[in-house]
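Numbering (the numbering used here), first residue to last: 186 to 385.
C-beta atoms are modelled at their ideal positions from N, C-alpha and C, and glycine is treated no differently.
Note sheet for the following structure.
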Ligand SMILES: Cc1cc2nc3c(=O)[nH]c(=O)nc-3n(C[C@H](O)[C@H](O)[C@H](O)COP(=O)(O)O)c2cc1C
């Protein structure tokens with residue numbers, strides 16, 4: 186389900202006062218709003234799986250793509266639950282993210298979709314429709330435009346708050362820079378507020 190701008194803003198504007206008062210359970214028009222509920226007993230499994238790969242999916246300008254990510258962090262920034270993802274500028278996904286309002290991260294925890302993770306982590310959506318090629322199914326999100334990947338255990342729906350491109354001068358340890366970026370294909374960090382968290 187896509188959200189109209191109006192409803193999206195309304196959900197965001199729920200005041201912290203209301204949130205603090207009700208602490209661990211906050212509903213707005215029947216929808217549970219997750220501020221600190223997106224990190225739970227599953228989080229350590231998510232972080233472990235990220236080493237092996239998760240799906241970063243984005244839709245923008247009527248185009249959709251998914252790619253494998255291994256680099257991501259979970260935490261709190263600006264008093265919000267945030268997931269950061271790191272995308273090199275050579276990726277087709279990067280082209281879409283530049284114009285996107287949001288993204289999703291879908292995490293398979295039981296060893297499923299391994300082949301698909303390998304495929305979308307190797308080939309570019311510039312050259313093909315990865316959904317057609319792999320049989321992956323896009324799962325409509327509840328609060329963002331970008332869909333998730335069906336068949337995953339955990340989905341984070343994230344609204345892009347900020348982005349930042351890494352540069353050589355940001356590194357204290359130049360040997361690390363040279364080790365990772367010998368091709369100068371730097372990562373841009375996308376900071377996504379987790380506006381919805383789903384478990385399947
Ligand atoms: C396990 C794994 C983890 C990866 N992690 C990242 C990552 O965090 N950031 C990134 O830019 N590329 C990462 N990649 C590479 C991209 O998934 C790959 O280049 C992909 O083909 C890009 O697709 P696109 O051009 O359709 O965006 C990873 C690949 C694998 C297999």
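In this structure, DSSP gives residue 277 a helical state, which the three-state scheme calls helix. The segment 291-377 is shown to contain whole beta strand (DSSP E) runs of 3 or more residues at 339-350, in chain order. Assignment of residue 230 by DSSP, reduced to helix, strand and coil, places it in the helix class. Here residue 309 really is in contact with residue 277; their C-beta atoms are around 5 Å apart, less than 8 Å. Comparing alpha carbon positions, the residue from 371, 336 and 341 closest to residue 353 is 371. Counting other Cβ atoms within 10 Å of its Cβ, residue 316 reaches 16 or more and is therefore classed as buried.
For residue 385, no beta strand (DSSP E) segment is defined, and its DSSP state is neither H nor E. Where residue 284 is concerned, there is no enclosing beta strand (DSSP E), because DSSP gives it neither an H nor an E. For the pair residue 257 and residue 385, the Cα-to-Cα distance works out to about 21 Å. If you draw a straight line from the Cα of residue 356 to the Cα of residue 226, it comes to about 34 Å.
Applying a distance threshold of 6 Å between residue Cβ atoms and the heavy atoms of ligand 1 selects 238, 250, 252, 253, 254, 255, 256, 271, 272, 273, 276, 277, 278, 306, 307, 308, 309, 310 and 311, given in chain order.
Taking a cut-off of 8 Å on C-beta distances, the segment 339-349 touches the segment 285-300, as three or more cross pairs fall below it. Between the alpha carbons of residue 263 and residue 307 lies a gap of roughly 34 Å. Counting the other Cβ atoms within 10 Å of the Cβ of residue 237 gives fewer than 16, which makes it exposed. A distance of 8 Å or more separates the beta carbons of residue 289 and residue 223. Residue 248 and residue 323 have their C-alpha atoms spaced approximately 12 Å apart.
Shortest Cα-Cα distance from residue 250 to any of 382, 313 and 358 involves 313.
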